[in-house]
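Counting from -12, one number per residue, gives the positions in the sequence shown under our numbering.
Beta carbons: idealized from backbone N, C-alpha and C, even for Gly.
Here the structure is laid out as structure tokens; the discussion comes afterwards.
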Amino acid sequence: MAFLRFFLVGGAGFIVDAAVFFLLAQGVGKAWWLARLLAFLAAVGVTWAGNRWFTFGSSARPGPEGLRYLGVQSLGCGVNYAVFLAWITAAGVEQGLLLPYLAGTAAALVSNYLLSRHYVFRNPSA
-12 MAFLRFFLVG GAGFIVDAAV FFLLAQGVGK AWWLARLLAF LAAVGVTWAG
38 NRWFTFGSSA RPGPEGLRYL GVQSLGCGVN YAVFLAWITA AGVEQGLLLP
88 YLAGTAAALV SNYLLSRHYV FRNPSA
């Protein structure tokens, strides 16, 4: 059940990420990297709050927990990109980009969930 909740919160984060990116991208000229960074941070904030409350019911101190969550999400971003690039390198781009994109997303979803469950939102008394 926690994984399903994590997945749903991630879906909301994806919508926030896309909305913020496309809204900001119109006003930043060629500094799309800035729009992308701000969109990522907005999505991390939304998903942290959602996972803190809805998925894991955390009552830990928000500052340290939020920083751990940001670190995990940043690592997940790297996992996503690494799997995407590995797939493209192994199979080439001729087969399309959808499967590598989905594989990277799935790998990041699993790694983010496991690290969130066992590191970010862990129960210190367990």
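Here the segment -1 to 8 makes contact with the segment 29 to 47; the two share three or more CB pairs at distances below 8 Å. With contacts defined as CB atoms closer than 8 Å, Phe(-7) and Ser45 fail to qualify as a contacting pair. In the three-state reduction of the DSSP assignment, Val15 falls in the coil class. Sorting Ser103, Tyr68, Val80 and Glu81 by C-alpha distance to the C-alpha of Ala90 places Tyr68 at the top. Val66 is not a Cβ neighbour of Ser103, given a cutoff of 8 Å.
For Thr76, the enclosing alpha helix (DSSP H) has its first and last residue at Pro49 to Ala78. The beta-carbon distance between Val7 and Ala(-11), rounded to whole angstroms, is 26 Å. This is too long to meet the 8 Å contact definition.
From the listed residues Arg23, Ala95 and Val15, the smallest Cα separation to Leu62 is found for Ala95. For Phe8, the three-state secondary structure derived from DSSP is helix. Assigned with DSSP and collapsed to three states, Arg109 falls in coil, not helix or strand. When the Cα atoms are used, Phe41 and Ala78 turn out to be separated by approximately 39 Å.
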